[in-house]
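Just so we're aligned, residue 0 is where the sequence shown starts under numbering that gives the first Met the number 0, counting upward by one. Yeah, the Cβ is synthetic: ideal placement off N, Cα and C, and Gly gets one too. As the structure is a computational prediction, the values presented were derived from the model and not from experiment. Accompanying notes for the structure given below.
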Amino acid sequence: MRHGKKDNHLGRTASHRKAMLSNMASSLIIHKRIETTLAKAKELRKYVEPLLTRAKEDSTHNRRIVFSYLNDKESTKELFGAVSDKIASRPGGYTRIIKLGNRLGDAAETALIELVDFNDALLLANADKPAKTRRSRRGGVKKAESDVQASAPVKKEDHPIVEESEPAADEAKQVDETPGETEKE
Numbered sequence: 000m001r002h003g004k005k006d007n008h009l010g011r012t013a014s015h016r017k018a019m020l021s022n023m024a025s026s027l028i029i030h031k032r033i034e035t036t037l038a039k040a041k042e043l044r045k046y047v048e049p050l051l052t053r054a055k056e057d058s059t060h061n062r063r064i065v066f067s068y069l070n071d072k073e074s075t076k077e078l079f080g081a082v083s084d085k086i087a088s089r090p091g092g093y094t095r096i097i098k099l100g101n102r103l104g105d106a107a108e109t110a111l112i113e114l115v116d117f118n119d120a121l122l123l124a125n126a127d128k129p130a131k132t133r134r135s136r137r138g139g140v141k142k143a144e145s146d147v148q149a150s151a152p153v154k155k156e157d158h159p160i161v162e163e164s165e166p167a168a169d170e171a172k173q174v175d176e177t178p179g180e181t182e183k184e
């Protein structure tokens, strides 16, 4: 039974798993997005989100803690520099996982994990859209329609309705040749 086991071991020893997650976190911070399997992406999200939260407050203590997880000077610099500036106002949820489908070789579920504030295409698309108003799902539209019908009674017209009909088959224009058939000379 697997009671109380919240982490996926990913089929690796503890040291291998720690090294792999450290390397993947460094790559995510430097490149802003990486493609991996869905299980690894979910574990990486649990690994890297607390590091991103620590990076919001730049102190020597936080830098040393983050460096102990990443073991990479460049990614630590990048995290406390450019990344922390962009995520400063975000209260959590710094990463996004997008499912990509199954890999051809082994049918493993692949996913793209990215830092939310660094997806420029999505940020530009959302900036152009106006803010949406929220509406109730529980029949708010039906209620509004019934109010409109009650307030404005529909007037019936006394004019007869004339319907146009297509010409009958015998009145239709006759064509000498069938479509696609050409004359042979």
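- Annotation for K55: no alpha helix (DSSP H) segment contains it, and DSSP assigns it neither H nor E.
- A distance below 7 Å separates the beta carbons of L9 and R16.
- About 7 Å separates the beta carbon of L43 from that of L27, a gap short enough to meet the 8 Å contact definition.
- Between the segment 19-35 and the segment 66-85, the count of C-beta pairs closer than 8 Å reaches three or more; the two stretches touch.
- Per DSSP, the beta bridge partners of E34 are L111.
- Rounded to whole angstroms, the separation of the alpha carbons of A124 and S21 is 32 Å.
- Note that the segment 97-114 does not touch the segment 52-59; fewer than 3 beta-carbon pairs, one per stretch, sit closer than 8 Å.
- With 16 or more other Cβ atoms inside 10 Å of its own Cβ, L78 counts as buried.
- When the five nearest sequence neighbours on each side are left out, the beta carbons in the same chain lying within less than 7 Å of the beta carbon of A107 are those of T36, N101, in order along the chain.
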